[in-house]
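Numbering (full-length UniProt numbering), first residue to last: 1 to 89.
Beta carbons: idealized from backbone N, C-alpha and C, even for Gly.
Working notes for the structure below.
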């Protein structure tokens, strides 16, 4: 995995996007380039998670071979998730 401001931890799971589309980004930051968009109901299999800039992020390597990131909810100052924009399984 690439280097980040905050650590990412391995987690093999699936996220199902909730009621609103979620941008796919090249880095775990809202300032990062948007490279795709997942629509409500779409599933994302991911291999790591972390917190950065007040958001919980999941990450996976896409078909292009690049690592991608999705913000899936907000976190408090301690990095604890306070909401979730879909379902984890």
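Burial state of residue i, where buried means 16 or more other Cβ atoms lie within 10 Å
i: residue 71; result: buried
i: residue 43; result: exposed
i: residue 15; result: buried
i: residue 24; result: buried
i: residue 51; result: buried
i: residue 34; result: exposed
i: residue 28; result: buried
Contacts around residue i, its chain only, beta-carbon distance under 8 angstroms, and the 5 residues preceding and following it disregarded
i: residue 10; result: 47, 48
Sequence-distant residues of its chain with Cβ nearer than 6 angstroms to residue i (five each side left out)
i: residue 32; result: 25, 26
i: residue 85; result: 18, 72, 73
Cβ-based neighbour list, residue i, same chain, cut-off 7 angstroms, excluding 5 preceding and 5 following
i: residue 83; result: 73, 74
i: residue 54; result: 74, 75
Secondary structure of residue i, DSSP reduced to three states
i: residue 73; result: strand
i: residue 36; result: strand
i: residue 42; result: coil
i: residue 31; result: coil
N-terminal and C-terminal residue of the beta strand (DSSP E) that residue i is part of
i: residue 12; result: 8 to 17
i: residue 57; result: 55 to 61
i: residue 88; result: 86 to 88
beta-carbon residue i near the ligand MG non-hydrogen atom, thresh 7 angstroms
i: residue 48; result: Ligands displayed in this structure: none; no statement on the ligand MG is therefore possible.
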